[in-house]
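See below for the structure under consideration.
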Amino acid sequence: MNYWLMKSEPNELSIDDLKRAKREKWHGIRNYQVRNMMRDVMKKGDLALFYHSNAGKEIGVVGVMEIVKEAYGDVTQFDAENKYYDAKSDLANPRWLCVDVKFVQKFARQVTLNEIKSNKFFADLPLVKKGNRLSVVQIKKTHFDKLVLLASKAV
DNA sequence: GCCAACGTTGGC
DNA sequence: GCCAACGTTGGC
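If you number the first sequence the way my numbering does, the last residue is 1176 and the count never jumps.
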């Protein structure tokens, strides 16, 4: 069982969007490191924290989702109208993969990036490490549990 | 909008 | 294989 932190810009897909849809394709991954992790490590039943990136004051961890379908060809890479279109990808051997995720919960309150940064407990969380730009990172269960706990408490 | 810190591309 | 140029991410 693995634990993840997955970033999404709320104007593309927010926790509320996922809550409404219940289930979504996590598409648009165009980074080989992330693709390989999704392909080789991510399993059905894994839990992931939903992180809002590029969201002004609303940056932070906002909820939990579950991986319900393991890596398969991302349909957006073959859609010329889509912003994630990749002309070099081969239909028979897709370059890019996506997974399906299911809404689990939206936190009572958001745990902000500032809060995470100022807490020594998260010193080695990939999110706060310099240079980390991967949109999907694997995290420790202890970090996952702590974030869920923090989110359930008032500030 | 800026820019640091990456990653990718392609000529050589 | 090197590396300059370019593109992207994402916090600020």
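Even glycine gets a Cβ: it sits at the ideal position worked out from N, Cα and C.
In this structure residue 1160 touches residue 1024 by the C-beta definition: roughly 5 angstroms separates them, less than 8 angstroms.
Between residue 1121 and residue 1044, the C-beta gap is smaller than 8 angstroms, which places the two residues in contact. Fewer than three beta-carbon pairs drawn from the segment 1097-1117 and the segment 1126-1135 are found closer than 8 angstroms, and the two stretches are therefore not classed as touching. For residue 1050, the secondary structure class from DSSP, reduced to helix, strand or coil, is coil.
Going by DSSP, residue 1172 is part of the alpha helix (DSSP H) stretching over 1162-1172.
Taking one beta carbon from each stretch, the segment 1057-1077 and the segment 1138-1145 have fewer than 3 pairs nearer than 8 angstroms; the two do not touch.
Here DSSP, grouped into helix, strand and coil, assigns residue 1084 to strand. Counting only runs of 4 or more residues that sit fully inside the segment 1123-1160, the alpha helix (DSSP H) segments are 1134-1138, in chain order.
The Cβ-Cβ distance between residue 1027 and residue 1156 falls below 8 angstroms. In the displayed model, residue 1055 falls within a helix according to three-state DSSP. Per DSSP, residue 1042 is not a residue of any beta strand (DSSP E); the alpha helix (DSSP H) it occupies stretches across 1036-1042. Ranked by Cα distance from residue 1089, the options 1035, 1125, 1111 are led by 1125. DSSP, read as helix, strand or coil, puts residue 1096 in helix.
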